[in-house]
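J.:
Protein chains in written order, with our numbering: chain A, 574 to 752; chain B, 67 to 448.
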């Protein structure tokens with residue numbers, strides 16, 4: 574039963590990612606990305622990483638994916654002939670312009686080897702005690718506040734810097750408009 | 067340290083869930099969330115009529131009680147129109163995605179001491195995450211409709227939901243800090259006479275007044291930390307925005323953009339969007355009741371020999387316990403919904419700049435201060 578669920582979600586993940594690559598419509602690929610992200614979150618749950626699964630949904634679906642969709646929508650400039658005339662009766666669509674495959678393939682292969690060699694060598698503290706199912710919330714909370722406090726704080730400062738930078742950039746645009 | 071040590075014993079009690087309670091929780095919540103639209107629409111119409119000094123629906127059935135069934139019949143008979151220039155697949159899929167994402171939130175809601183879909187330890191965090199699925203569904207509807215008003219409505223809705231997630235998250239975090247748990251059932255147990263740790267008056271241990279035996283309203287979160295009452299007000303405002311309810315109904319502002327992202331929908335698909343709006347109201351009302359207002363615990367305290375709390379809440383595991391639990395939780399949730407409706411028909415719609423001002427310059431700073439206070443309060447509680 575558990576195996577069946579695992580294969581179903583693995584198929585969802587792989588199928589979603591494949592569809593992202595195949596479809597030319599950027600909005601469709603964004604929504605297929607949603608499917609594959611849900612699949613990955615479900616796989617995390619099956620690996621008893623419940624907090625990670627929810628964080629994945631929250632950050633990637635709620636943050637990154639919505640940002641991607643907004644970015645695509647706002648930066649797209651439809652050609653004038655598509656907003657008037659017979660073309661206007663067709664659905665909205667944004668097609669990818671980029672169809673090269675060599676560089677993406679190289680980058681993907683490089684990332685795969687790097688991650689694979691890293692993950693096969695890494696030593697996770699959770700690997701030792703394999704309980705049937707245990708929530709990872711308490712462990713993660715304690716580890717973040719003790720062993721990994723410095724990376725945690727550095728990530729916080731980085732995010733703060735990004736926030737301040739974003740505010741500065743957007744306020745600059747405002748000031749030039751006012752003058 | 068005491069809290070950490072007592073948890074395993076409690077977790078054992080909570081996490082051992084028989085599959086049948088999960089199978090029972092699903093149809094109950096499905097019936098509740100779709101049945102609520104019947105009550106909700108009638109209530110909304112009657113309350114709005116009362117506030118505007120009208121009678122409301124009176125023709126169909128006694129006091130217009132059957133009005134909604136007439137409306138449903140009408141919607142069922144209507145043609146399901148897909149505009150020629152719409153993106154057919156996205157357009158047809160979007161209402162289901164929106165409803166599924168709202169309904170998925172009910173999976174972690176405790177209805178009674180024993181009945182909960184999933185007793186996951188990340189319940190509250192999961193709820194926050196599931197709201198973002200709603201956003202994707204709304205974008206799908208707005209983009210798929212290929213209509214300027216729909217797209218504008220979807221954009222407004224998403225901007226609003228994403229912004230108000232911040233004060234919402236901060237207030238939820240206050241409760242999580244006080245309760246030291248992300249599990250909604252565990253948070254519920256703490257706020258009543260069946261708690262596993264002693265409750266003190268206003269949560270302050272130094273006062274030395276043990277209210278564990280009093281129960282009732284004295285063990286609710288809004289009294290365990292009185293500042294959570296302010297947090298509840300912020301939570302309530304933020305949830306109004308999350309549910310796209312007036313005065314935050316800019317995404318469907320009729321006078322500006324027709325009906326926002328549901329402009330092009332008709333027939334049963336429109337009904338499904340409507341259903342998810344009401345299900346969202348119910349979801350956030352439930353969440354507010356569970357986090358702040360004592361969940362399924364009775365508001366009546368034990369006063370000396372008058373054991374009001376004992377009489378009005380049965381112990382977990384018994385039929386009486388489940389009945390009273392469901393009764394109190396539903397009463398609190400419905401009361402919150404009444405306030406939602408009252409607000410809707412009292413306050414005018416906000417402008418976009420007022421909306422953003424309220425979120426970023428009023429609610430978020432107050433939320434951060436409350437978070438700090440809650441942290442200090444937690445230190446007073448142990």
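Glycine included, every Cβ here is placed at the ideal spot set by N, Cα and C.
If you follow the alpha helix (DSSP H) that residue 345 (chain B) is in, where does it begin and where does it stop?
T.: Run containing residue 345 (chain B): 333-357, per the alpha helix (DSSP H) assignment.
J.: Please confirm whether residue 202 (chain B) and residue 163 (chain B) have their CB atoms less than 8 angstroms apart.
T.: Yes, the Cβ-Cβ distance between residue 202 (chain B) and residue 163 (chain B) is below 8 angstroms.
J.: At the level of alpha carbons, what is the spacing between residue 344 (chain B) and residue 99 (chain B)?
T.: Between residue 344 (chain B) and residue 99 (chain B), the C-alpha separation is close to 8 angstroms.
J.: Looking at the unbroken alpha helix (DSSP H) that takes in residue 715 (chain A), where does it start and where does it end?
T.: 710-718 is the extent of the alpha helix (DSSP H) around residue 715 (chain A).
J.: Should residue 198 (chain B) be flagged as near chain A, meaning a C-beta pair shorter than 8 angstroms?
T.: So yes, residue 198 (chain B) belongs to the interface.
J.: Do residue 179 (chain B) and residue 388 (chain B) have their beta-carbon atoms positioned less than 8 angstroms apart in this structure?
T.: Contact flag set, yes.
J.: Is residue 329 (chain B) close to chain A, meaning its C-beta is less than 8 angstroms from at least one C-beta of that chain?
T.: Answer no: the Cβ-Cβ gap between residue 329 (chain B) and chain A never drops below 8 angstroms.
J.: What runs of the alpha helix (DSSP H), each 4 residues or longer, lie entirely inside the stretch 262-342 of chain B?
T.: Segments of the alpha helix (DSSP H) lying fully in the stretch 262-342 of chain B: 287-290, 294-308 and 320-323.
J.: Taking residue 429 (chain B) and residue 300 (chain B) to be in contact with their CB atoms under 8 angstroms, please state how far apart those CB atoms are, rounded to whole angstroms.
T.: 5 angstroms between Cβ atoms; contact.
J.: Compute the Euclidean distance between the alpha carbons of residue 296 (chain B) and residue 238 (chain B), then round it to the nearest angstrom.
T.: The alpha-carbon atoms of residue 296 (chain B) and residue 238 (chain B) are separated by roughly 12 angstroms.
J.: Residues of the stretch 166-198 of chain B in Cβ contact with chain A at a cutoff of 9 angstroms, in chain order, please.
T.: If the cut-off is 9 angstroms between Cβ atoms, the stretch 166-198 of chain B has 186, 187, 188, 191, 192, 194, 195, 196, 197 and 198 near chain A.
J.: Name the DSSP beta bridge partners of residue 372 (chain B), please?
T.: Beta-bridge pairing links residue 372 (chain B) to B:369.
J.: According to DSSP, simplified to helix, strand and coil, what is residue 598 (chain A)?
T.: Three-state result, residue 598 (chain A): strand.
J.: What does the Cβ neighbour count give for residue 574 (chain A), buried or exposed, with the cut at 16 atoms within 10 Å?
T.: Exposed, since its Cβ has fewer than 16 Cβ neighbours within 10 Å.
J.: Who are residue 182 (chain B)'s beta bridge partners in DSSP?
T.: Its beta-bridge partners are B:176.
J.: Give the residues of chain A in contact with residue 228 (chain B), contact being defined as C-beta atoms less than 8 angstroms apart.
T.: Within 8 angstroms Cβ-Cβ: 635 and 639.
J.: Just reading off the alpha helix (DSSP H) that residue 204 (chain B) is part of, what are its end residues?
T.: That run of the alpha helix (DSSP H) goes 189-211.
J.: Using CA coordinates, which residue listed in B:365, B:367, B:240 and B:390 is at the minimum distance from residue 436 (chain B)?
T.: Residue 436 (chain B) has its Cα closest to that of B:240, out of B:365, B:367, B:240 and B:390.
J.: According to DSSP, what are the bridge partners of residue 668 (chain A)?
T.: BP columns for residue 668 (chain A) point to A:598.
J.: Starting from the Cα of residue 613 (chain A), find the closest Cα among A:600, A:636, A:594 and A:588 and give me that residue.
T.: With distances taken between Cα atoms, residue 613 (chain A) lies closest to A:588.
J.: Measuring straight from C-alpha to C-alpha, what distance separates residue 626 (chain A) and residue 365 (chain B)?
T.: Between residue 626 (chain A) and residue 365 (chain B), the C-alpha separation is close to 36 angstroms.
J.: Assuming residue 633 (chain A) is part of the alpha helix (DSSP H), what are its boundary residues?
T.: No alpha helix (DSSP H) contains residue 633 (chain A), which DSSP labels as neither H nor E.
J.: Within the continuous alpha helix (DSSP H) that includes residue 419 (chain B), where are the two ends?
T.: Element bounds for residue 419 (chain B): 418-423.
J.: Would you mind telling me which residues of chain B sit closer than 7 angstroms to residue 607 (chain A), beta carbon to beta carbon, in chain order?
T.: Correct list: 202.
J.: Note down the Cα distance separating residue 678 (chain A) from residue 686 (chain A), rounded to an integer number of angstroms.
T.: If you take the alpha carbons of residue 678 (chain A) and residue 686 (chain A), they lie about 12 angstroms apart.
J.: How is the alpha helix (DSSP H) around residue 238 (chain B) delimited, first residue to last?
T.: Unbroken alpha helix (DSSP H) run through residue 238 (chain B): 214-245.
J.: Between the stretch 406-430 of chain B and chain A, which residues of the former have a C-beta closer than 7 angstroms to a C-beta of the latter?
T.: Listed by position along the chain: nothing, the set is empty.
J.: How many angstroms separate the CA atom of residue 233 (chain B) from the CA atom of residue 425 (chain B)?
T.: If I take the Cα positions, the gap works out to 7 angstroms.
J.: According to DSSP, is residue 364 (chain B) part of a helix, a strand, or is it coil?
T.: Coil, per DSSP.
J.: Taking contact to mean 3 or more Cβ pairs, one atom from each stretch, closer than 8 angstroms, check whether the stretch 579-594 of chain A and the stretch 603-610 of chain A are in contact.
T.: Contact between the stretch 579-594 of chain A and the stretch 603-610 of chain A is present, because at least three Cβ pairs lie under 8 angstroms.
J.: Tell me whether the stretch 300-314 of chain B and the stretch 348-360 of chain B touch, counting them as touching only if at least three CB pairs, one residue from each stretch, are closer than 8 angstroms.
T.: Touching, yes, given that three or more Cβ pairs across the two stretches are closer than 8 angstroms.
J.: Quick check: is the beta carbon of residue 262 (chain B) nearer than 8 angstroms to any beta carbon in chain C?
T.: The structure shown contains no chain C; its protein chains are A and B.
J.: Grab the span of the alpha helix (DSSP H) containing residue 405 (chain B) for me, first residue to last.
T.: It spans 385-410 - the alpha helix (DSSP H) in which residue 405 (chain B) sits, taken as one unbroken run.
J.: For chain B, is any of its Cβ atoms less than 8 angstroms away from the one on residue 585 (chain A)?
T.: No, residue 585 (chain A) does not count as interfacial toward chain B.
J.: Compute the beta-carbon to beta-carbon distance between residue 711 (chain A) and residue 188 (chain B), rounded to the nearest angstrom, for a pair I have assumed lies under 8 angstroms.
T.: Their Cβ separation, rounded to whole angstroms, is 11 angstroms, which puts residue 711 (chain A) and residue 188 (chain B) out of contact at 8 angstroms.
J.: Would a C-beta distance cut-off of 8 angstroms place residue 223 (chain B) and residue 329 (chain B) closer than the cut-off?
T.: No, Cβ-Cβ distance for residue 223 (chain B) and residue 329 (chain B) is not below 8 angstroms.
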